[in-house]
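Residue 288, in the numbering used here, is where the sequence shown stops; the numbers in between run on with no holes.
By construction, the Cβ of each residue, glycine as well, lies at the ideal position given by its N, Cα and C atoms.
These notes concern the structure reproduced below.
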Amino acid sequence: MATSSSTFSLRPILEKDKLNKTNFLDWFRNLRIVLTHERRLYVLDKPLPDEPAKGAPGAEWRAYEKHLDDTLEVSCLMIDTMIPELNEGLDDLMAYEMIMRLKEMFRYQIRQDRYETTKALMSCNMAEGDSVVCHVSTMRGYLDHLERLGFPVQNEIAASIILCSLPKSYDSFVKSFYRRGTEKTVSELAGMLKSVEASLIQKRERKLKGKGKMKGIELDGETKPEDDPNQSPAKKAKPSEEVFCSFCQVSGHAMRKCKYYWEDQKKKKCVQASTSGIFVNPFFY
Numbered sequence: 004m005a006t007s008s009s010t011f012s013l014r015p016i017l018e019k020d021k022l023n024k025t026n027f028l029d030w031f032r033n034l035r036i037v038l039t040h041e042r043r044l045y046v047l048d049k050p051l052p053d054e055p056a057k058g059a060p061g062a063e064w065r066a067y068e069k070h071l072d073d074t075l076e077v078s079c080l081m082i083d084t085m086i087p088e089l090n091e092g093l094d095d096l097m098a099y100e101m102i103m104r105l106k107e108m109f110r111y112q113i114r115q116d117r118y119e120t121t122k123a124l125m126s127c128n129m130a131e132g133d134s135v136v137c138h139v140s141t142m143r144g145y146l147d148h149l150e151r152l153g154f155p156v157q158n159e160i161a162a163s164i165i166l167c168s169l170p171k172s173y174d175s176f177v178k179s180f181y182r183r184g185t186e187k188t189v190s191e192l193a194g195m196l197k198s199v200e201a202s203l204i205q206k207r208e209r210k211l212k213g214k215g216k217m218k219g220i221e222l223d224g225e226t227k228p229e230d231d232p233n234q235s236p237a238k239k240a241k242p243s244e245e246v247f248c249s250f251c252q253v254s255g256h257a258m259r260k261c262k263y264y265w266e267d268q269k270k271k272k273c274v275q276a277s278t279s280g281i282f283v284n285p286f287f288y
């Protein structure tokens with residue numbers, strides 16, 4: 004395979020630490036960084052399609068030629084950034100086939116990394132008061148890494164792992180989530196947990212304000228003036244009832260204004276329509 008004349012701006016990352024028998028995972032991660040920057044990562048994720056038939060539309064030919072050019076350049080980059088001992092028998096392969104062959108060659112390293120990543124994912128436990136956004140972001144990093152290794156985790160299982168790692172203050176939300184029975188992606192679940200976190204913070208602040216005052220004594224140590232016995236007692240204001248959504252178990256809004264409630268109703272209508280003989284594409288919603 005001839006050396007490509009094109010340049011990759013981040014190529015020195017790969018040349019600094021070429022692929023050898025012990026660093027496949029580091030090299031593969033750096034390769035993905037370089038190709039992501041160059042908008043050519045797709046050549047590692049899907050094989051080169053068959054050449055279009057004669058008379059095929061021009062757009063189909065242009066897409067094929069671009070894929071072919073990008074594949075050749077990436078293949079040359081991969082060969083040039085590994086030690087000669089490893090590139091024997093690989094220089095005639097395209098980028099997708101080459102990376103699949105390398106994964107097979109270094110499957111032990113991949114299995115070891117999968118074990119370490121899974122162990123780190125399952126050991127994630129959020130403490131009370133920690134940021135749920137940072138917590139979910141850390142767990143999503145492990146999930147994405149498993150997918151890059153070729154072991155993607157289904158959305159339903161990923162959601163269960165994340166929910167099991169939450170502290171007790173999220174128990175009511177977890178019960179409500181499973182009662183609804185709707186499947187969510189990790190990103191969607193993160194958005195829901197962010198809303199729950201905001202509600203919990205408001206509750207904690209109100210609780211702290213209530214504890215900050217003692218009967219007859221202010222925080223600064225000054226005693227409240229005694230009530231005048233001749234003065235008519237003032238009417239106590241009725242405490243305003245806190246708005247609470249019985250659907251998602253989160254305070255701050257009523258059920259009729261809950262977006263998750265209306266999403267659930269929309270999906271139920273979709274199912275009823277499909278069972279009545281009207282086909283509705285569930286993925287449209």
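Rounded Cβ spacing between residue i and residue j (contact assumed at less than 8 angstroms)
i: residue 78; j: residue 108; result: Actually they are not in contact, since the Cβ atoms of residue 78 and residue 108 sit about 16 angstroms apart, beyond 8 angstroms.
i: residue 27; j: residue 112; result: 5 angstroms
i: residue 86; j: residue 22; result: 7 angstroms
i: residue 158; j: residue 178; result: Residue 158 to residue 178, Cβ: 19 angstroms. No contact.
Exposure label - residue i; buried when at least 16 CB within 10 Å
i: residue 248; result: buried
i: residue 209; result: exposed
i: residue 173; result: buried
i: residue 33; result: buried
i: residue 137; result: exposed
i: residue 201; result: exposed
i: residue 265; result: exposed
i: residue 251; result: buried
i: residue 192; result: buried
i: residue 211; result: exposed
i: residue 160; result: exposed
Contacts around residue i, its chain only, beta-carbon distance under 7 angstroms, and the 5 residues preceding and following it disregarded
i: residue 196; result: 135, 139
i: residue 120; result: 145, 148, 149
Same chain, Cβ closer than 8 angstroms to residue i, five either side skipped, listed in chain order
i: residue 154; result: 117
i: residue 50; result: 97, 99, 100
i: residue 71; result: 51
6 angstroms Cβ shell around residue i - same chain, five flanking residues per side excluded
i: residue 46; result: 73, 74, 77, 98
i: residue 314; result: Only positions 4 to 288 of the chain appear in the structure, and residue 314 is not among them; the question remains open.
Any non-hydrogen atom of the ligand FAD closer than 8 angstroms to residue i Cβ
i: residue 29; result: Ligands are entirely absent from the displayed structure, and the ligand FAD is therefore not among its contents.
Practice task
State whether the stretch 121–132 contacts the stretch 91–105, with contact taken as three or more CB pairs (one from each stretch) at a distance under 8 angstroms.
Solution key: no
Practice task
Say whether the stretch 80–88 touches the stretch 61–69, bearing in mind that this needs 3 or more beta-carbon pairs closer than 8 angstroms, one atom from each stretch.
Solution key: no
Handout entry: Contiguous alpha helix (DSSP H) assignments of at least 4 residues, all confined to the stretch 40–119
Key = 45–48, 61–83, 87–90, 98–108
Exercise for the section: Go through the stretch 135–192 residue by residue and report every complete run of the alpha helix (DSSP H) that reaches 4 residues or more, in order. Expected result: 135–151, 158–167, 174–183
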